[in-house]
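A short worksheet on the structure shown next.
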Amino acid sequence: MFILVNLKAYPCDPIEVATAARDVAEASGVRIAVSPQAADVARVADTGVETWAQHVDPNGHGSHTGSTLAEAVAEAGATGTLINHSEKRQTLADIDGAVRAAERAGLETCVCANNPAQIGAAAALGPDSVAVEPPALIGGDVSVATADPGIVEDAVAAAAAVDDDVDVYCGAGISSGDDVATAGELGATGILLASGVAKADDPRSALEALVEPL
Ligand SMILES: O=C[C@H](O)COP(=O)(O)O
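The opening position of the sequence shown corresponds to residue 194 in this note's numbering, with each subsequent residue numbered one higher.
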């Protein structure tokens, strides 16, 4: 199981979370990555933790003020990127372009989507993975795997119907090891979570609890 911790724009210490994630990954053998703000990618990557960008734009170098270049986050130390997160929606054409830009930069890609139908469309664009996240459950206390197990199973089926090689992650409201284990039983091979770690009083303990049943 892959655990991808999105720090969003939460006021946490990205280095504290990154260091804890690195240590918990090493101790447990579970793959854990941290996705900080773009401005923090380099110093998070310097901790040695697997580091992902939260977003990249479809454009390459040029007159694109304010864009996040896939090449730039890769140069800063990111090895993967989220695309089309629920809080950073892109047009279909821009999702496609961002996947291509990330590929050119050597970044692993995870395209987020609201529901199984969108998961099928996202999988057709050929990312490494897709992540289903019902927006209403994001940031809440109830895990998607408990509140809506069918959406995870249907997302897994939707992706497989398009491309068996695309991994399926799920996210929203996940905060415990039981949530992670349940998601795995539903067919997800990864977890996308944020508040359960980024807003925790003790991010290290929160991460240890997440991997405990794995
Ligand atoms: O990127 C993470 C997801 O939006 C889930 O966020 P959450 O764990 O706070 O519900």
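Glycine residues also receive a C-beta, built at the ideal position from the N, C-alpha and C atoms.
Ranked by how close their Cα comes to the Cα of residue 370, the residues 338, 207 and 263 have 338 in first place. If you draw a 10 Å sphere on the C-beta of residue 302, you find 16 or more other C-beta atoms in it, and that means buried. Boundaries of the alpha helix (DSSP H) around residue 339: 337-340. In the assembly as shown, residue 403 is a buried residue. Its beta-carbon has 16 or more other beta-carbons within 10 Å. If you draw a straight line from the Cα of residue 379 to the Cα of residue 256, it comes to about 44 Å. Judged by their CB atoms, residue 214 and residue 234 are not nearer to each other than the 8 Å cut-off. Exclusion of residue 277 from the 7 Å shell around ligand 1 follows from its C-beta lying no nearer than that to any non-hydrogen atom of the ligand.
Taking 4 residues as the minimum length, the alpha helix (DSSP H) runs contained wholly in the region 228-280 are 234-238 and 263-269, in order along the chain.
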